[in-house]
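To start, the structure under review is shown below, and the notes come after it.
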Amino acid sequence: MTLRVLNTLSGELELFEPADPERVLLYYCGLTVSDFAHLGHARTWVHVDVIHRWLEQSGYDVRHVENITDVNEKIVARVGEDDLGDSERAVATGFTEQLLSDMRALNLKRAEVYPRVTEHIPEIIDLVETLIETDHAYEVNGSVYFDVHSFDEYGKLSNQRLDAVEPQEDGDRSEKRDPADFALWKAGGVDADAVTDHRRADREYAVETPSGETWDSPWGEGRPGWHIECSAMSMAHLDTGIDIHMGGRDLVFPHHENEIAQSEAATGERFARYWLHADLFQMDDEKMSSSLGNFVPVTDAVPRFGVNPLRLFFLSASYNSTQTYSEAAIHEAEERWEGLQSAYRRASETADSAAARTTVTDDALRASVADSRESFAAAMDEDFNTREALTALSALASAVNTHVDGHDAYDYRGLRRTIETFETFGADVLGLDFTGDTEGTATVADELIELVLDVRADERAAGNYDRADRLRDRLDALGITVQDTDDGTSYRR
RNA sequence: GCCAAGGUGGCAGAGUGGUCUUACGCGGUCGCCUGCAGAGCGACUACACGCCGGUUCGAAUCCGGCCCUUGGCUCCA
């Protein structure tokens, strides 16, 4: 079992070796809470989640930290909009709660901690002071900037060369020594022009010119820069360097490049061993993004498609390739989900049936289970190739069907092993829920359906197929699919 | 312009030096099964890999050039 990962730093597949052989420190660059999370975020979350789960499955103790950026001009821009809140903090709190709720809906494993910028101002100030003391940063008019030329390896993540980076145009950055220098601390309140830029003409705002929160610092009243938070917060929560640092590909430059610069300049140690970047989710021919307004919110998608099909849809492309929103592709994931779930149920039902015997052995089934386990693990170990891992689960589903279709007495031990494989790899690793949909809560509607099916069974037994088919059609029109099998009639809503 | 990722069958999407891979899935056709349908199983859906060169006994897979797409260089998962 040797995991290899594609490290953005080297651009190559590398053998994964965490600093502590038993523990993985995972940091995921989370969201700025200025809007609802959309499917692009969801896709990255699901992949990060599966990576977290696979690391645990591989025997590591995973410490997972995921920041929440709750200080930002875009948040301030929404102050006074509808009932979002009348302060930066109120807007941020509302979106944060929504975000955590979306994550639960997607069946994501919780991070150990979700640090927020507003709770780490002292750590940020300490880090900025260290950078000034070591001559990596300088203060001008109450703002502090990182001096990119003070860090020799600047550009090593993104391969950007300083002289090739297009200089920014705006004049108010002229106090920087070099256009590529970036703010660690910004003097004064929020930039009113930036806030105005983020406001939308088609919306009403109860607060005309909202002000963001500011904090005291050795350089006067101000706000932290964008990049510094991740360095300060990861240092606060992941004591010894990060093993895996993840985020979207759009963060490689400048965000992650700057994180490396300021962190390694301050500590003299490597900030993160492996940088993994999830490629972006596209809507037609451009990325899905809040600022472009072309997004499908998680809150709409989960009830509409279901969490299992959505997860399968995301996992049907590897994390480091782009994926495009397509209802046809989500439909395909639904079909695949139904196939997997029905095979799981068949395995469970037949294993529990009287026809299952410990004396029966089906070598083909057992070989399929072994193959499936092996190829699933091999796929995940090769940079988390979830699509290939799904192939292994589909093969397992196929083996169950072949076994059950082809035998009158079932291989109990083989089926138990099959079920265990679905539960370990499908449920624990891929985060699918095989049991949730139908079991436990029989509603009145379910009982009425059973009643109709009983009537239909009587009609069929009496040879009244016309009447039986009409009942089936009526149920179908209500969205209830009826299936007759050797073992009786089942239905699916 | 610079940096990065990518261009594979009707769709979607793995593979990354050689008939066991045109994987897996979706869609479509046919067969088995079924009272019928669905599900399931089996077969098929012209030996596809952006273009042009090169290396090699052999390339979708390596090298070079070109075209195109997406992302980054400004807030962004």
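Numbering of the first sequence is given in the working numbering, commencing with residue 4 and proceeding in unit increments. C-beta atoms are modelled at their ideal positions from N, C-alpha and C, and glycine is treated no differently.
field: C-beta contact flag for L111 and A40 at 9 Å
entry: no
- prompt: Alpha carbon to alpha carbon, how far is D374 from A395?
  reply: 8 Å
query: In three-state terms, what does DSSP make of K189?
result: strand
query: Between the Cα of A336 and the Cα atoms of C32, N323, F308, D355, which residue gives the shortest distance?
result: F308
task: Enumerate, from N- to C-terminal direction, the unbroken alpha helix (DSSP H) stretches of 4 or more residues contained entirely within the region 230-266.
output: 231-240
- prompt: If you drop the 5 nearest sequence neighbours on each side, which residues of the same chain put their C-beta closer than 6 Å to that of D38?
  reply: Once the five neighbours on either side are set aside, the close Cβ partners of D38 are S293.
- request: For N75, count neighbouring C-beta atoms within 10 Å of its own C-beta (all shown protein chains included) and say buried if the count is 16 or more, exposed if not.
  value: buried
message: So, with DSSP's three-state summary, where would you put H123?
response: Collapsing the DSSP output to three states places H123 in coil.
query: The beta strand (DSSP E) spanning N10 covers which residue range?
result: 7-10
query: S375 lies in the alpha helix (DSSP H); which residues open and close that run?
result: Annotation: the continuous alpha helix (DSSP H) that includes S375 extends over 366-384.
- prompt: Does DSSP put D411 in a helix, in a strand, or in coil?
  reply: coil
query: What are the start and end residues of the alpha helix (DSSP H) that includes M286?
result: Run containing M286: none in the alpha helix (DSSP H); it sits in the beta strand (DSSP E), 284-286.
query: Near T364, what residues of its chain come up, given a Cβ to Cβ distance below 6 Å and the 5 sequence neighbours on each side ignored?
result: Only D414 meet the Cβ criterion.
field: Contacting residues, own chain, Cβ-Cβ under 6 Å from V49 (five flanking each side not counted)
entry: R314, F317
query: Taking the Cβ atom as the reference point for each residue, do E156 and I263 lie within a distance shorter than 9 Å?
result: Closer than 9 Å, so yes.
message: Considering Cα atoms alone, identify which of Q326, R419, G409, L295 is closest to R348.
response: R419
- prompt: Is the CB-CB distance between V548 and Y63 below 9 Å?
  reply: The chain is shown only over 4 to 496; residue 548 falls outside these bounds and no answer can be derived.
message: For G223 and E426, what's the separation of their Cα atoms in angstroms?
response: 56 Å
message: Please give me, in chain order, every unbroken run of the beta strand (DSSP E) with length at least 3 that falls completely inside the region 269-326.
response: 275-281, 284-286
- prompt: The alpha helix (DSSP H) spanning H334 covers which residue range?
  reply: 330-355
query: Cα-Cα, which of E69, G228, E207 is closest to T217?
result: G228
- prompt: Per DSSP, D64 is paired with what?
  reply: R26
- prompt: Is L29 closer than 9 Å to I247 when the C-beta atoms are compared?
  reply: yes
- request: Ignore the nearest five residues each way along the sequence and tell me which others in G192's own chain have a CB closer than 8 Å to its CB.
  value: S214, G215, T217, E224, R226
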